[in-house]
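Peer 1: According to the UniProt record's numbering, the sequence shown is numbered sequentially starting from 1.
Sharing a structure, written as structure tokens. Questions coming.
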Amino acid sequence: MSKSARPRPPRWRRSPFLGVPEEVVVEILVRLPATCLVHLKRVCRSWRTLISSPEFARYQLERSIAHGMQTSHARIAYSGHFLGLRRIGFSPLHSVFDNPSSSAKVVCVEALRCYHIVGSCNGLLCVLDTVSRTRVRLWNPCTGFTSESLRTGAFVLTCGFGYDHVNHKYKFFAAVKRKRSRFRDIVTKIFTFGVNHRWKRIENSPLIFHPFYFVSVIGLKGEFVKGTLNWVVPRPKNVIVYLDLGSETYGELCLPQRDPDDNFSITPVIGVLRNCLSVGFDHKKTHWALWLLNENQCWTKLAMIPYHPIFRLARLRTLYISDDDVLLVIGRNDDKLYLIYLNDGRIVLRMIDSSSHNDVSWSQGIDSRTLSVYYPSLVGDGVMF
Numbered sequence: 001m002s003k004s005a006r007p008r009p010p011r012w013r014r015s016p017f018l019g020v021p022e023e024v025v026v027e028i029l030v031r032l033p034a035t036c037l038v039h040l041k042r043v044c045r046s047w048r049t050l051i052s053s054p055e056f057a058r059y060q061l062e063r064s065i066a067h068g069m070q071t072s073h074a075r076i077a078y079s080g081h082f083l084g085l086r087r088i089g090f091s092p093l094h095s096v097f098d099n100p101s102s103s104a105k106v107v108c109v110e111a112l113r114c115y116h117i118v119g120s121c122n123g124l125l126c127v128l129d130t131v132s133r134t135r136v137r138l139w140n141p142c143t144g145f146t147s148e149s150l151r152t153g154a155f156v157l158t159c160g161f162g163y164d165h166v167n168h169k170y171k172f173f174a175a176v177k178r179k180r181s182r183f184r185d186i187v188t189k190i191f192t193f194g195v196n197h198r199w200k201r202i203e204n205s206p207l208i209f210h211p212f213y214f215v216s217v218i219g220l221k222g223e224f225v226k227g228t229l230n231w232v233v234p235r236p237k238n239v240i241v242y243l244d245l246g247s248e249t250y251g252e253l254c255l256p257q258r259d260p261d262d263n264f265s266i267t268p269v270i271g272v273l274r275n276c277l278s279v280g281f282d283h284k285k286t287h288w289a290l291w292l293l294n295e296n297q298c299w300t301k302l303a304m305i306p307y308h309p310i311f312r313l314a315r316l317r318t319l320y321i322s323d324d325d326v327l328l329v330i331g332r333n334d335d336k337l338y339l340i341y342l343n344d345g346r347i348v349l350r351m352i353d354s355s356s357h358n359d360v361s362w363s364q365g366i367d368s369r370t371l372s373v374y375y376p377s378l379v380g381d382g383v384m385f
């Protein structure tokens, strides 16, 4: 995101901080979390104008990114996998790591439709209608901002959402086809949010959308990291295919080298940890190997996790890793949350209490494609449109 000048606050007749320079007031407010700033808009008209301005929202977000997003501010957003469910649940991320013996709490919000969460970026959630799979919208749960519903024109097979830091635009990628058409009729296109928002058709990736092995990625969303959307394509080349949102072109990354004697293969699962692309796969039926792609585009091994009976031969999906190396994963076999303590090898099944909302109880299993970690921000219509 581009570096922004510090916003100059509007002059007010009655300042809550009499005698304090305006620039100091900005520096005090910008250090507060977005969830707190939303409430402070009620203090006075001048603060509401300041905090609601695109310049302040951008400055607050850039400062948060520059100083590191704090786990204490992060949230887990969850949408249920039942077609009749019109709720999205939220839980503080720290509550999942704190006191594992107790259940973390979920607060549910009513939604207009049944949604899957495609992804999150800068405090925005991108959600896809689960019934028709033809409608997409952006939502900021912190401010309440929602974009107009975006029609994809056809059934979404795979998609992704992210931020183009080159052109400073939010983009939604979709591979779509008519329900009764053939796989060779897949169309890929990108929607750019903004004043001149538009769909743009782009070239299909010959690896992702080949009719013979497209089934390997169908239904999966692209993992967004550092301006790219990423998919694992296990056949025929066993690579990661990425789409650069800035240039809107495809590229390939080799997966980590495996032991040549390891002839047992479970499809690798990619994720994002510490703002780096991660990949995990089986190792000789005894361990689960987890790798990170560093700044030099080289793979470094993060952990070798011994198999445990509760997720033996599972395709684990990584969700988050704490500063003290506690890994939050989703078991793709049972769709449950686990904490893996990399320092001592402990594994804890993480129970989530949804109180009266039993239909979104995480302890009963979740659809891993509807879960996302996000950091609240003030990003909204004034910033994007």
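In this text, a Cβ means the ideal position worked out from N, Cα and C, and glycines have one as well.
No experiment lies behind these values; they were computed from the predicted model shown.
(1) Which residue's Cα is closest to the Cα of PHE97: LEU349, PHE172 and VAL272?
(2) Where does TYR59 fall in DSSP's three states?
(3) Is GLY227 near GLY162, with beta carbons less than 8 Å apart?
(4) Looking at C-alpha atoms only, which residue of SER120, GLU22, ASN99 and PRO141 is the closest neighbour of VAL326?
(5) Using DSSP with H/G/I as helix, E/B as strand and the rest coil, what is ASP324?
(6) Roughly how many angstroms separate the alpha carbons of TYR338 and TRP199, rounded to a whole number?
(7) LEU32: buried (16+ other C-beta within 10 angstroms of its C-beta) or exposed?
(8) Would you decide whether ILE340 is buried or exposed? Buried here means 16 or more other CB atoms lie within 10 Å of its CB.
(9) Comparing alpha-carbon positions, which option in ARG48, ASP129, SER72 and PRO54 lies nearest ARG87?
(10) Considering only the beta carbon of each residue, do VAL239 and LEU253 sit closer than 8 Å?
(11) Does DSSP put PHE193 in a helix, a strand or coil?
(12) What are the partner residues of CYS159, as DSSP defines its beta bridges?
(13) In angstroms, rounded to a whole number, what distance separates the CA positions of LYS336 and SER95?
(14) Grab me the residues of GLY380's own chain with a C-beta within less than 8 Å of its C-beta, minus the 5 sequence neighbours each way, in chain order.
(15) For GLU148, which residues from the same chain have a beta carbon less than 8 Å from its beta carbon, with the 5 sequence-adjacent residues on both sides left out?
(16) Got a sec, what are the start and stop residues for the alpha helix (DSSP H) ALA34 sits in?
(17) Tell me the rounded alpha-carbon separation between LYS284 and ILE270.
(18) Tell me, which residues are paired with LYS336 by DSSP?
(19) Can you give me the Cβ contacts of LEU83 inside the same chain, cut-off strictly under 7 Å, excluding the 5 residues immediately before and after it?
(20) Given a cut-off of 8 Å, decide if THR35 and LYS376 are closer than it, judged by their beta-carbon atoms.
(21) Determine the closest residue to ILE117 out of LEU150, TYR170, ALA77 and PRO54, with distance taken between C-alpha atoms.
(22) Which partner residues does THR152 have in the DSSP bridge list?
(23) For SER120, which of ASN296, THR286 and SER79 has the nearest alpha-carbon?
(24) Reducing DSSP to helix, strand and coil, say where PRO309 ends up.
(25) So, is VAL43 buried or exposed, given that buried needs 16 or more other C-beta atoms within 10 angstroms?
(26) Run through DSSP, which three-state label would ASP259 get?
(27) Using a 10 Å radius around the Cβ and a threshold of 16 neighbouring Cβ atoms, would you call ASN230 buried or exposed?
(28) Quick one: what's ASP129 bridged to in DSSP?
(29) LYS301 to ALA289, Cα distance in whole Å?
(30) Going by alpha carbons, who is nearest to PHE173 out of ILE330, ARG274, PHE191 and ALA74?
(31) Please state the DSSP three-state secondary structure of PHE281.
(32) I'd like the span of the alpha helix (DSSP H) that includes VAL26, first residue to last.
(33) Under a Cβ-count criterion, where at least 16 other Cβ atoms within 10 Å of its own Cβ denotes burial, should GLU27 be classed as buried or exposed?
Peer 2: In brief:
(1) As a first step, residue 97 must be located in the sequence shown, where it is residue number 97. Minimum Cα-Cα distance from PHE97 among the listed residues LEU349, PHE172 and VAL272 corresponds to LEU349.
(2) Taking the first residue of the sequence shown as 1, we reach residue 59 at position 59. Secondary structure of TYR59 (DSSP, three-state): helix.
(3) Within the sequence shown, the letter at position 227 stands for residue 227. Within the sequence shown, the letter at position 162 stands for residue 162. Inclusion of GLY227 and GLY162 in the CB contact set at 8 Å is warranted, their separation being smaller than that value.
(4) Mapped onto the sequence shown, residue 326 falls at position 326. Of the listed residues, the one whose Cα sits closest to VAL326 is ASN99.
(5) On the sequence shown, position 324 is the one that residue 324 refers to. Here ASP324 sits in coil by DSSP.
(6) Your numbering for residue 338 matches position 338 in the sequence shown. Your numbering for residue 199 matches position 199 in the sequence shown. Distance from the CA of TYR338 to the CA of TRP199, rounded to the nearest whole angstrom, comes to 39 Å.
(7) Residue numbering aside, residue 32 sits at position 32 when the sequence shown is read from its first letter. Its Cβ having fewer than 16 others within 10 Å, LEU32 is exposed.
(8) For the purposes of this step, residue 340 is identified with residue 340 of the sequence shown, where counting begins at 1. When all chains shown are included, ILE340 counts as buried.
(9) Working through the sequence shown from its first residue, we reach residue 87 at position 87. Taking only the C-alpha atoms, the option nearest ARG87 is ASP129.
(10) Numbered from 1 along the sequence shown, position 239 holds the residue referred to as residue 239. Numbered from 1 along the sequence shown, position 253 holds the residue referred to as residue 253. Going by C-beta atoms, VAL239 is nearer than 8 Å to LEU253.
(11) Against the sequence shown, residue 193 aligns to sequence position 193. Reduced to three states, the DSSP call for PHE193 is coil.
(12) For this step, residue 159 is matched to residue 159 along the sequence shown. For CYS159, which the question treats as bridged, DSSP gives the partners ALA174 and LYS221.
(13) Here the question's residue 336 lines up with position 336 in the sequence shown. Here the question's residue 95 lines up with position 95 in the sequence shown. When rounded, the distance between both Cα atoms is 16 Å.
(14) Residue mapping note: residue 380 aligns to position 380 of the sequence shown, counting from 1. Here GLY380 has ALA57, ASN140, THR143 and PHE145 as same chain residues with Cβ atoms under 8 Å from its own Cβ, once five neighbours each way along the sequence are excluded.
(15) In the sequence shown, residue 148 corresponds to position 148, counting from 1. By the criterion of a C-beta distance shorter than 8 Å, GLU148 is surrounded in its chain by ARG137, once the five residues flanking it on both sides are discounted.
(16) Here residue 34 refers to the residue found at position 34 when the sequence shown is read from its first residue. ALA34 -> alpha helix (DSSP H) spans 34-40.
(17) Taking the first residue of the sequence shown as position 1, residue 284 is located at position 284. Taking the first residue of the sequence shown as position 1, residue 270 is located at position 270. LYS284 and ILE270: Cα-Cα distance of roughly 19 Å.
(18) By one-based count along the sequence shown, residue 336 stands at place 336. In the DSSP assignment, LYS336 forms no beta bridge with any residue.
(19) For the purposes of this step, residue 83 is taken as residue 83 along the sequence shown, with counting starting at 1. Any reading at LEU83 must be qualified, since the residue scores a pLDDT of 46, below 50, and its modelled position is unreliable; the value itself is stated next. Setting aside the 5 residues that flank it on each side, LEU83 is surrounded in the same chain by CYS114, THR130 and VAL131, each with a C-beta closer than 7 Å to its C-beta; the list follows chain order.
(20) If you number the sequence shown from 1, residue 376 lands on position 376. If you number the sequence shown from 1, residue 35 lands on position 35. Note that residue 376 is Pro in the sequence shown, not Lys. For PRO376 and THR35, yes; Cβs fall inside 8 Å.
(21) Residue numbering aside, residue 117 sits at position 117 when the sequence shown is read from its first letter. Closest by alpha carbon: ALA77.
(22) For the purposes of this step, residue 152 is taken as the residue at position 152 of the sequence shown. The partner list for THR152 (beta bridge, DSSP) is empty, contrary to what the question assumes.
(23) Within the sequence shown, residue 120 is the residue found at index 120, counting from 1. Comparing Cα-Cα distances from SER120 to each of ASN296, THR286 and SER79, the minimum goes to SER79.
(24) Your numbering for residue 309 matches position 309 in the sequence shown. In the displayed model, PRO309 falls within a helix according to three-state DSSP.
(25) Position 43 of the sequence shown, counted from the start, is the residue given in the question as residue 43. Result: exposed.
(26) On the sequence shown, position 259 is the one that residue 259 refers to. Three-state result, ASP259: coil.
(27) Along the sequence shown, read from residue 1 onward, the residue named residue 230 stands at position 230. Flag for ASN230 reads buried.
(28) Looking up residue 129 in the sequence shown gives position 129. According to DSSP, ASP129 bridges with TYR115.
(29) Start at 1 with the first residue of the sequence shown, and residue 301 comes out as number 301. Start at 1 with the first residue of the sequence shown, and residue 289 comes out as number 289. Distance between the alpha carbons of LYS301 and ALA289: 7 Å.
(30) Translated into positions along the sequence shown, residue 173 becomes position 173. Of ILE330, ARG274, PHE191 and ALA74, the residue nearest in Cα terms is PHE191.
(31) As a first step, residue 281 is located in the sequence shown; it is residue number 281 there, counting from the start. Look at PHE281 here: in three-state DSSP terms it is strand.
(32) Within the sequence shown, numbered from 1, the residue matching residue 26 stands at position 26. Here the alpha helix (DSSP H) through VAL26 covers 22-29.
(33) What you label residue 27 is simply residue 27 of the sequence shown in a count that begins at 1. Exposed is the call here.
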